[in-house]
Amino acid sequence: MEWTSIITTFLTVAGGVIAGWFTYEQKSQTADTSNQSLIFSQLQDMIKTVQDMQDEARKNLDLIGEKDTKISTMSAQIKIQTSQITAQSQQIKEQSKTIKEQSGVIDKLTKQIGELKGRINELLEQLDTQNKGGGRDENSQLTYRRKR
Numbered sequence: 001m002e003w004t005s006i007i008t009t010f011l012t013v014a015g016g017v018i019a020g021w022f023t024y025e026q027k028s029q030t031a032d033t034s035n036q037s038l039i040f041s042q043l044q045d046m047i048k049t050v051q052d053m054q055d056e057a058r059k060n061l062d063l064i065g066e067k068d069t070k071i072s073t074m075s076a077q078i079k080i081q082t083s084q085i086t087a088q089s090q091q092i093k094e095q096s097k098t099i100k101e102q103s104g105v106i107d108k109l110t111k112q113i114g115e116l117k118g119r120i121n122e123l124l125e126q127l128d129t130q131n132k133g134g135g136r137d138e139n140s141q142l143t144y145r146r147k148r
């Protein structure tokens with residue numbers, strides 16, 4: 001009877017620790033997704049700003065012929081930066097997708113742990129019922145010990 005209580009207590013504590021860890025990871029990943037959404041929004045704003053800068057550079061190119069080379073160089077740099085920002089934005093989208101997938105896996109694992117914990121508790125109850133048998137007199141205990 002004592003070992004059943006010990007095992008039940010251990011499984012309850014272990015299940016709680018694992019479920020707590022999964023919950024912490026899920027909250028952490030949810031926060032990461034929120035941060036990535038904010039960064040993605042900021043990157044979109046930066047792309048718009050860069051595009052506005054490109055438009056302004058084109059206007060200046062028409063107005064100032066002698067600075068044509070400098071403005072062209074700036075425009076090329078802005079295009080490079082824009083493509084880099086676009087690539088970073090795509091990476092963030094992919095990371096966000098991966099985090100969502102991992103969150104789904106964690107949810108499934110947490111559910112499976114709960115189901116396993118329930119099944120283990122059922123088996124422990126069955127074992128406890130079988131151990132009690134017809135009573136706990138000395139002869140039944142001796143018979144039980146011999147069978148083991």
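Take the sequence shown: its position 120, counting from 1, is numbered 120 in the UniProt record's numbering, and each next residue is one higher. Backbone N, C-alpha and C define an ideal beta-carbon position, used for all residues, glycine too.
Where residue i falls, given that 16 or more other Cβ within 10 Å makes a residue buried
| i | result |
| --- | --- |
| residue 237 | Any answer about residue 237 is impossible in this case: the structure gives the chain only from 1 up to 148. |
| SER96 | buried |
For residue j and residue i, the rounded distance between their alpha carbons
| i | j | result |
| --- | --- | --- |
| LEU127 | GLU94 | 49 Å |
| LEU63 | GLN102 | 54 Å |
| THR143 | THR98 | Legend: pLDDT at THR143 = 49, less than 50; position of this residue unreliable, no value from coordinates given. |
| ALA87 | GLY104 | 26 Å |
| GLN112 | ASN131 | 28 Å |
| LEU124 | ILE106 | 27 Å |
| ARG119 | THR12 | 12 Å |
| ASN59 | GLN77 | The sequence as given places Lys at residue 59; Asn does not occur at that position. Computed Cα separation, rounded: 17 Å. |
| ALA121 | ALA14 | In the sequence as presented, Ala is not what sits at residue 121; that position holds Asn. Straight-line Cα distance between these residues: approximately 13 Å. |
| GLN90 | GLN84 | 10 Å |
| SER41 | THR8 | 49 Å |
| LYS79 | THR69 | 15 Å |
| THR110 | THR49 | 44 Å |
| GLU56 | LYS108 | 52 Å |
Residue i - DSSP class collapsed to helix/strand/coil
| i | result |
| --- | --- |
| THR143 | Reliability of the predicted coordinates at THR143 is poor, the pLDDT of 49 falling under 50, and no value is obtained from them. |
| ASN131 | helix |
| VAL13 | helix |
Integer-rounded CB distance, given that residue j should sit under 8 Å from residue i
| i | j | result |
| --- | --- | --- |
| GLN54 | SER75 | 6 Å |
| GLN36 | ILE92 | 5 Å |
| THR82 | ILE47 | 6 Å |
C-beta neighbour in chain C for residue i, strict 8 Å
| i | result |
| --- | --- |
| GLN36 | Of the protein chains in this structure there is only one, and it is not chain C. |
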